[in-house]
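Trainee:
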Amino acid sequence: MTGSGLVRTFVALEIPEEIRLQLKEIQTIWRFQLPRARWTRPEGWHLTLKFLGEVERHVPGKLAEELAPRIRGLGPVTVQLAGTGFYPTAVRPRVAWVGGTAGGVDEVVAAVEESAESCGIARERRAWTVHVTQARLKDRWPRSAVESFLDEGERLALEPFDCNEVVFFKSDLQPGGAVYTALERLPLE
């Protein structure tokens with residue numbers, strides 16, 4: 054929680070514990086094989102649908118009220134984590150991520166954007182993509198390390214899983230990294 058009645062929040066799909074454990078094992082190998090980076094923690098892994106930033110405390114509840122009827126009945130989002138990449142690009146890597154596919158997510162993302170806009174929150178300019186941040190690169194990796202990470206991604210394909218709810222999270226920035234707390238859960242079925 055930040056000062057002056059603001060809360061740092063985002064809307065996301067949760068990744069099941071068993072998938073996080075599988076990805077954690079893979080990340081552990083990468084930590085030893087690849088150059089130094091700030092590796093992310095498994096308890097923080099999720100699929101962000103929309104980052105709201107620091108908003109007034111009432112906004113997440115208002116947005117949840119707007120969103121709930123729009124997503125009810127859309128059914129689960131089926132996610133498969135597969136492949137790797139970098140933001141902004143592999144030529145200028147700053148963030149290493151695991152990607153994938155998410156069947157049924159387009160309708161959910163559209164509903165989140167429409168609901169957020171009705172609450173005065175600007176729409177995203179970029180299209181939504183599946184990505185789970187694995188590392189933030191403070192120092193540039195050599196080309197061989199970038200290629201190694203991308204090659205590993207070509208072989209990476211975890212079991213598909215269903216997301217049956219959209220979760221509003223509060224994000225508290227701590228010295229050891231952000232701590233996420235679920236504020237509200239909205240069913241998709």
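The C-terminal position of the sequence shown is numbered 242 in this note's numbering, with every residue numbered one higher than the one before it. By construction, the Cβ of each residue, glycine as well, lies at the ideal position given by its N, Cα and C atoms. A quick note: this is a predicted structure, and the numbers were derived from the prediction, not measured.
1) Leaving out five residues on either side along the sequence, give the residues of the same chain with a beta carbon under 7 Å from the beta carbon of Thr-55.
2) Where does Thr-55 sit, in a helix, a strand or coil, going by DSSP?
3) At which residues does the beta strand (DSSP E) containing Asp-204 begin and terminate?
4) In the structure shown, what three-state DSSP assignment does Asp-159 receive?
5) Using 8 Å as the threshold, is the C-beta distance between Gly-206 and Gly-138 below it?
6) Considering Cα atoms alone, identify which of Arg-145, Arg-110, Ala-155 is closest to Val-130.
7) Who are Gly-136's beta bridge partners in DSSP?
8) Just curious, the beta strand (DSSP E) that Pro-69 is in, first and last residue?
9) Classify Thr-142: buried if its beta carbon has 16 or more other beta carbons within 10 angstroms, exposed otherwise.
10) Should Arg-196 be labelled buried (16 or more other beta-carbon atoms within 10 Å of its own) or exposed?
11) Starting from the C-beta of Val-158, find all residues in its chain whose C-beta is less than 6 Å away, skip the five residues before and the five after it, and write them out in chain order.
12) Could you tell me whether the Cβ atoms of Val-148 and Leu-209 are closer together than 8 Å?
13) Are Val-219 and Leu-190 close, meaning C-beta to C-beta below 8 Å?
14) Residues in the same chain with beta-carbon distance under 7 Å from Ser-168, minus the five sequence neighbours each way, listed in chain order, please.
15) Compare the beta carbon distance of Pro-69 and Phe-214 with 8 Å and say whether it is the shorter of the two.
16) What is the C-beta distance between Trp-92 and Gln-80, in whole angstroms, given that I count them as a contact (C-beta under 8 Å)?
17) Just the C-alpha distance for Cys-172 and Val-112, rounded to the nearest angstrom, thanks.
Mentor: In this structure, then:
1) Confidence is the limiting factor: at Thr-55 the pLDDT is only 43, short of 50, which leaves the residue's position unreliable, though a coordinate-based value still follows. Excluding positions up to five away in sequence, the list reads Arg-61, Glu-107.
2) Here the model assigns Thr-55 a pLDDT of 43, short of 50, so the residue's position is not dependable, and the following value carries that caveat. Reduced to three states, the DSSP call for Thr-55 is coil.
3) In this chain, Asp-204 is not harboured by any beta strand (DSSP E); it is covered by the alpha helix (DSSP H) spanning 196-208.
4) helix
5) Yes, they are a contact pair.
6) Ala-155
7) None; Gly-136 has no bridge partner.
8) Here Pro-69 belongs to no beta strand (DSSP E), and DSSP marks it neither H nor E.
9) exposed
10) exposed
11) Excluding sequence neighbours, Val-158 sits near Val-130.
12) no
13) no
14) Leu-116, Glu-119, Leu-120, Arg-123
15) yes
16) 6 Å
17) When rounded, the distance between both Cα atoms is 7 Å.
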